[in-house]
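See structure below.
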Amino acid sequence: MQPPRPMDIGIIEDDHIMGKSLAQRFELEGHKIVWWKTGSDALNANDFLEKDIIVCDIRLPDITGETVMRQAGRNGLAPPFLFITGYGDIDQAVRLMQLGACDYMTKPFEFDDCMNRIIRNARGSEKEKSTTPTLGQSMEMQVLEKNLIKFGQTDLPVLITGESGVGKESAARFLHGQSSTSGHPFMAVNCAAIPAELLEKEIFGEEISSVDGDVKPHRGYAERAGFGTMYLREVGRVPLPVQAKLMELIDTNSFTRMGGTTAIGFSGRIVVSDSSDLKRAVSEGQIWDDLLFRLSVLSVDISPLRNRPEDVMWLLPQMVAAACRRQGQLPKTLSTRAEEFALAHEWTGNAFEMRNRVERAVALSRDEELEFADLFPESEFEDNYPQEFPSLAEVREMAEKRQIIRALARSDGQIGTAAKLLGVSRTTLWDKMTRLDMSSKERSQS
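No gaps in the numbering here: position 166 of the sequence shown is 178 in our numbering, and each next residue is one more.
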């Protein structure tokens, strides 16, 4: 694979033979190389953060490769990290991938394989342009992004479901950003926060007659959305009379303000979400089934954070960094123990709970590194977890197994199709299923 342009590559490797070999080969390929023999030398270099990619050994004489990556990422401008590891360090390499490393290689490796990984992951690569996760790095969230990108090419209504805090509004905003009208307003309406008697006025507007006979219009969210998106959060809380007006809006692309008689055109898109069981709401008479049919022409469901451990470790450091900026504090990192507890935690409140825990931890901790007790200060917290605490490798295996089962279910048990969904070869998928000791029932589950 020929790189599209010469790259600026940084090498952090204390082994003289390995470092010299990599530097020479990269230079022969036409790339600019800087080779540091310690992590501290790399971090102190003026041009360290400007590299297109860093090739780093996990074990260094002064600090670990993980420490280098963490410190580089404190300002959010860290280059991609490709780690070199020995066989015994694979668990740590997997952990580094969860923390944001782009890839890792196990010694010994072929130079061509190393070069291909660099080309795929370096700054400016097609992978960086097209696959940088916006909603999450789990396969489920990547599939969600792809579906929303497709939905963005239409103007049909979209229904987003999932527990409170899973990221429904983030998904709605992502969808808005994929549409041809992304430059127009995104009007978010929390239907649960507005009194029922005021919802019609807030959504559709009102025409108010003054004492002198003049009509002063109050423009609602539908009108202010223009060609953009009107996003109704907790749509199941909308009163039935207002639901009837929503159906009319969808059917005719027009509406009338309260107290008015003139139809106003609606050129935007309707996106709605709800955290409750809407089918049950229909059976209980809380929402018109005809409205639900119209709203769910296109629909997605977002699973809870506890089912997406990859996204826990993707989201948590981002929230810590954001909280530090918001509170005017120096950047903080997470201890290994804090990360382990985060992976094992149920996150019943999803991202809302995570944000609250992080904000409190950042506000109260005076240390540079957040410990598990900062995030989970509950009394007797450790008693809530089994004595046999799952290792990171075990958590990763559980996540892999769950994703394989989902892919097989979506592909009706077809190994080849499931492999494509997972982005691996058929042989690799079969080997993973064998290694994970998946039963024949699980392999054919649909």
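Beta carbons are placed, not taken as given, at the ideal position from N, Cα and C, and that holds for glycine.
None of these values were measured; they are calculated from a predicted model.
Please check the pair residue i and residue j, which I expect to be a contact at CB under 8 Å, by giving their CB distance rounded to whole angstroms.
i	j	result
isoleucine 21	aspartate 53	Isoleucine 21 to aspartate 53, Cβ: 16 Å. No contact.
isoleucine 24	leucine 34	Actually they do not touch by this definition, with Cβ atoms about 11 Å apart.
arginine 135	proline 169	Incorrect: roughly 38 Å between the Cβ atoms, too far for contact.
threonine 416	lysine 444	In the sequence as displayed, the identity of residue 416 is isoleucine instead of threonine. Right, the Cβ-Cβ distance comes to about 7 Å (below 8 Å), so this counts as a contact.
alanine 183	leucine 156	7 Å
Taking just the CA atoms, how far does residue j sit from residue i?
i	j	result
alanine 113	phenylalanine 38	20 Å
leucine 261	threonine 173	21 Å
proline 197	cysteine 126	45 Å
aspartate 449	threonine 439	15 Å
arginine 455	leucine 434	A caution first: arginine 455 carries a pLDDT of 46, below 50, which makes its placement in the model too unreliable to give a value.
isoleucine 131	threonine 274	59 Å
valine 254	glutamate 212	6 Å
glycine 195	glycine 277	19 Å
tryptophan 442	threonine 193	43 Å
cysteine 68	phenylalanine 93	7 Å
threonine 348	aspartate 379	15 Å
glycine 31	arginine 338	41 Å
methionine 13	arginine 129	Here methionine 13 scores only 43 on pLDDT, less than 50, and its place in the model should not be relied on; the value that follows carries that caveat. Their Cα atoms are separated by approximately 10 Å.
valine 46	alanine 57	10 Å
arginine 318	aspartate 263	38 Å
Does DSSP classify residue i as helix, strand or coil?
i	result
glycine 189	helix
leucine 434	helix
glycine 428	helix
isoleucine 75	coil
leucine 68	Correcting the residue identity first, residue 68 is cysteine in this sequence and not leucine. Strand.
proline 321	helix
lysine 228	strand
aspartate 289	coil
methionine 81	helix
methionine 117	strand
lysine 44	strand
glycine 177	coil
leucine 448	coil
leucine 168	coil
glycine 31	helix
threonine 146	coil
glycine 195	coil
asparagine 133	helix
arginine 378	coil
Less than 8 Å between the beta carbons of residue i and residue j, yes or no?
i	j	result
lysine 215	lysine 228	According to the sequence provided, residue 215 is isoleucine. The question's lysine does not apply to it. Their beta carbons are not under 8 Å apart, which means isoleucine 215 does not touch lysine 228 by this criterion.
methionine 153	aspartate 313	no
aspartate 286	glutamate 246	yes
phenylalanine 121	leucine 108	no
leucine 244	tryptophan 300	no
asparagine 362	valine 178	yes
arginine 71	threonine 345	no
phenylalanine 364	serine 176	yes
valine 294	valine 332	no
threonine 118	threonine 97	yes
alanine 335	glutamate 371	yes
Open item on the list: Which complete alpha helix (DSSP H) runs does the segment 214-273 hold, if anything under 4 residues is left out?
Closed with: If we require 4 residues or more, the alpha helix (DSSP H) runs fully inside the segment 214-273 come out as 233-237, 252-264.
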